Amino acid sequence: MKKNYFFALFLFSILSFSATAQYSSQNISKLGHWFNPLQVAEPFYGIKYNSVWGWVDSADSNHEYAVLGAGEGTHIIDLADPTNPVQVDFVAGRRNQVIWREYKTYGKYLYAISDDSPPNSFQIIDMSYLPDSVHVVYDDNTLFEHAHTLYIDGDKMYCGSVSLLGGSGYHSLAVYSLANPELPVFLRSLSSDYPAVNYAHDMLVRNDTVYASCGYQGLFIYKYNTGANTFTELNSLTSYPNQGYNHSSAITPDGKTLVFCDEVPENKPVHIIDISDISNISLESAFKSNEGATAHNPYMWGTNKVVIAYYQDGLQIFDISNPAAPVRTGYFDTDTLHGLNDGYPTSFTYHGAWGAYIDLPSGLILTSDMQNGLYVFDASVALGVHENTVTTNSVSVFPNPASNFLSVSLKLKNAETLKFSIYDITGRKVFDKEESIGAGNTVKAFPVLQFSDGVYILKIEGTDIHYTEKIIKQ
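Just so we're on the same page, my numbering is the position in the sequence shown counted from 1, plus 184.
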């Protein structure tokens with residue numbers, strides 16, 4: 185399945201203008217950029233690339249890879265050097281110049297779908313042979329021929345807008361068992377229980393609770409009952425201010441706040457809703473990056489940052505610590521035709537950032553741009569992982585990366601009680617300790633051997649100390 189891309193790489197070297205493109209940005213740094221100089225745009229919207237995903241080879245020292253969808257198939261890109269992403273394999277799809285591809289992973293398997301018209305297929309790709317190659321273990325259209333989106337929750341895969349072979353059937357949303365990861369089994373269609381909901385564009389699933397973005401019908405929340413093999417509607421939001429095409433959503437780790445984007449028409453705000461009581465959903469706020477821009481896909485980073493692929497406005501990051509008043513903390517405009525960050529308003533076109541991937545252990549943020557390919561970002565400033573408002577005191581953390589113990593050196597002007605907390609990349613608190621620290625110099629050591637390898641956030645809170653640091657366990 186390896187391809188010979190020497191000619192493409194030669195063209196890439198002479199097309200150096202792309203490397204010098206000027207980007208509007210704040211608090212986000214570009215580390216790397218990859219694109220195929222031979223990539224042909226599909227003829228309807230001029231899209232070359234679509235979704236992005238990431239995969240980590242835990243058997244190979246957490247070696248990180250990017251997955252980038254394109255018109256002809258799927259690019260597998262090695263991120264060993266984030267400043268120089270390198271393609272290591274390519275998986276062709278059933279048809280060329282497609283608009284839509286989406287990906288999710290389950291263990292060593294990458295699940296790949298497309299929602300373009302036939303010929304099309306559902307692919308399962310074994311990533312464990314990397315960095316040498318990937319192996320396609322399933323490429324078939326008997327389970328379904330094309331679908332728009334997918335989400336994996338535990339050992340189940342949920343797909344939105346599922347079309348069966350030859351137009352023989354359709355599911356607004358369907359759930360499949362991954363008990364055998366190489367051969368998923370159909371379990372249930374939402375259409376069987378709620379036929380009035382005719383389209384689920386995308387879904388977010390947590391413990392079989394499905395938050396379904398159903399286009400112009402709104403947002404619906406369902407519970408998939410594994411024992412009874414049925415869906416039950418918990419609530420819905422079918423009317424709200426500035427409503428458009430309900431496209432996709434993200435949820436905070438505590439499950440109390442949901443952020444969703446309305447894609448069509450352009451210039452719709454991002455909404456934040458309170459779902460702490462599912463039976464009583466309430467709107468918290470609505471916000472935008474800039475007038476005229478279009479939010480596409482949101483992702484929740486940690487406890488209070490939402491990362492949004494924002495079409496012409498590129499990658500946008502907002503702090504939603506106060507859901508009623510979100511604050512933008514950074515952006516990077518990937519759209520070299522310019523979006524709306526730097527005074528170049530455009531009409532609604534399919535240009536700019538399609539998606540992002542935020543869960544790599546290194547903390548790198550991946551973004552796919554529909555015309556310009558893959559971007560690798562350091563967004564640590566925008567995400568607040570280096571915040572330090574220690575005033576007259578001082579804090580240092582070592583070693584970082586850490587293996588067995590993490591030491592925190594403190595120099596305090598006055599004695600105070602400090603709370604030490606460590607969160608994983610999903611925002612889940614994995615360590616919490618409160619200690620009284622005397623004035624002067626103190627070193628505290630905390631065990632981290634029990635943590636899985638990856639990126640964590642250390643927070644130290646006190647009267648005069650508010651300290652946040654990204655730490656790496658290896």
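Glycine residues also receive a C-beta, built at the ideal position from the N, C-alpha and C atoms. Being a predicted model, the structure only gives us computed values, none of them experimental.
Residues near residue i by beta carbon distance below 7 angstroms, same chain, minus five either side
{"i": "residue 514", "result": "210, 211, 212, 501, 563, 565 and 566"}
{"i": "residue 535", "result": "495, 496, 519, 521, 554 and 555"}
{"i": "residue 409", "result": "416"}
{"i": "residue 637", "result": "246, 545, 657 and 658"}
{"i": "residue 257", "result": "274, 275, 276 and 277"}
{"i": "residue 508", "result": "468 and 469"}
Top-ranked residue by Cα proximity to residue i, from the options
{"i": "residue 453", "options": "482, 263, 319 and 654", "result": "482"}
{"i": "residue 305", "options": "646, 279 and 599", "result": "279"}
{"i": "residue 326", "options": "300, 353, 449 and 320", "result": "353"}
{"i": "residue 446", "options": "433, 438, 458 and 437", "result": "433"}
{"i": "residue 551", "options": "310, 266 and 619", "result": "266"}
{"i": "residue 577", "options": "648, 295 and 424", "result": "648"}
{"i": "residue 298", "options": "277, 313 and 230", "result": "277"}
{"i": "residue 599", "options": "379, 504, 623 and 642", "result": "623"}
{"i": "residue 581", "options": "642, 537 and 601", "result": "642"}
{"i": "residue 388", "options": "411, 443, 422 and 351", "result": "443"}
{"i": "residue 397", "options": "406, 390 and 385", "result": "385"}
{"i": "residue 686", "options": "467, 517 and 508", "result": "Within the shown structure, residues of the chain are numbered from 185 to 658, placing residue 686 beyond reach of any answer."}
{"i": "residue 435", "options": "451, 456, 449 and 450", "result": "456"}
{"i": "residue 351", "options": "373, 620, 365 and 328", "result": "328"}
{"i": "residue 625", "options": "264, 594 and 631", "result": "594"}
{"i": "residue 250", "options": "375, 217, 307 and 355", "result": "217"}
{"i": "residue 428", "options": "412, 411 and 450", "result": "450"}
{"i": "residue 412", "options": "372, 379, 260 and 422", "result": "372"}
Start and end residues, alpha helix (DSSP H) containing residue i
{"i": "residue 567", "result": "564 to 567"}
Residues of its chain near residue i, where Cβ-Cβ distance is below 8 angstroms and the 5 sequence neighbours each way are ignored
{"i": "residue 524", "result": "473, 474, 475, 476, 477, 496, 497 and 530"}
{"i": "residue 362", "result": "290, 336, 339, 340, 341 and 368"}
{"i": "residue 613", "result": "605, 606 and 607"}
{"i": "residue 543", "result": "238, 609 and 610"}
Residue span of the beta strand (DSSP E) that contains residue i, given as start and end
{"i": "residue 386", "result": "386 to 390"}
{"i": "residue 213", "result": "213 to 218"}
{"i": "residue 469", "result": "466 to 471"}
{"i": "residue 322", "result": "319 to 324"}
{"i": "residue 234", "result": "233 to 241"}
{"i": "residue 631", "result": "624 to 631"}
{"i": "residue 482", "result": "481 to 485"}
{"i": "residue 274", "result": "270 to 276"}
{"i": "residue 279", "result": "Here residue 279 belongs to no beta strand (DSSP E), and DSSP marks it neither H nor E."}
{"i": "residue 334", "result": "330 to 337"}
{"i": "residue 307", "result": "306 to 310"}
{"i": "residue 284", "result": "Looking at the DSSP string, residue 284 is not in any beta strand (DSSP E), and its letter there is neither H nor E."}
{"i": "residue 537", "result": "537 to 541"}
{"i": "residue 550", "result": "549 to 553"}
{"i": "residue 579", "result": "578 to 582"}
{"i": "residue 263", "result": "Per DSSP, residue 263 belongs to no beta strand (DSSP E) and is neither H nor E."}
{"i": "residue 228", "result": "Residue 228 -> no beta strand (DSSP E), and no H or E assigned at all."}
Own chain, CB closer than 6 angstroms to residue i, minus 5 neighbours either side, in chain order
{"i": "residue 414", "result": "377"}
{"i": "residue 202", "result": "With a pLDDT of only 39 at residue 202, under the threshold of 50, the placement of this residue in the model should not be trusted; the figure read from the coordinates follows. Taken in chain order, the list of residues that qualify is empty."}
{"i": "residue 611", "result": "437, 486 and 487"}
{"i": "residue 285", "result": "234, 235, 253 and 298"}
{"i": "residue 370", "result": "360"}
{"i": "residue 633", "result": "588"}
{"i": "residue 646", "result": "600 and 602"}
{"i": "residue 281", "result": "226 and 255"}
{"i": "residue 229", "result": "534"}
Beta-carbon gap between residue i and residue j smaller than 9 angstroms
{"i": "residue 317", "j": "residue 262", "result": "no"}
{"i": "residue 592", "j": "residue 644", "result": "yes"}
{"i": "residue 315", "j": "residue 244", "result": "yes"}
{"i": "residue 214", "j": "residue 557", "result": "no"}
{"i": "residue 357", "j": "residue 394", "result": "yes"}
{"i": "residue 330", "j": "residue 301", "result": "yes"}
{"i": "residue 441", "j": "residue 461", "result": "no"}
{"i": "residue 241", "j": "residue 312", "result": "yes"}
{"i": "residue 463", "j": "residue 506", "result": "no"}
{"i": "residue 491", "j": "residue 549", "result": "yes"}
{"i": "residue 493", "j": "residue 426", "result": "no"}
{"i": "residue 424", "j": "residue 402", "result": "yes"}
{"i": "residue 309", "j": "residue 295", "result": "yes"}
{"i": "residue 288", "j": "residue 334", "result": "yes"}
{"i": "residue 651", "j": "residue 579", "result": "yes"}
{"i": "residue 248", "j": "residue 293", "result": "no"}
Min CB distance residue i to chain B below 9 angstroms
{"i": "residue 402", "result": "Chain labels in this structure do not include chain B; a single protein chain is all it has."}
Residue i: CB within 8 angstroms of a non-hydrogen atom of the ligand FMN
{"i": "residue 657", "result": "As for the ligand FMN, it is missing from this structure, which has no ligand bound."}
Minimum length 4: unbroken alpha helix (DSSP H) runs contained in the stretch 355 to 433: Runs of the alpha helix (DSSP H) lying entirely within the stretch 355 to 433 and spanning at least 4 residues, in chain order: 374 to 377.
Beta strand (DSSP E) runs wholly inside the stretch 504 to 528, at least 3 long, in chain order: 511 to 516
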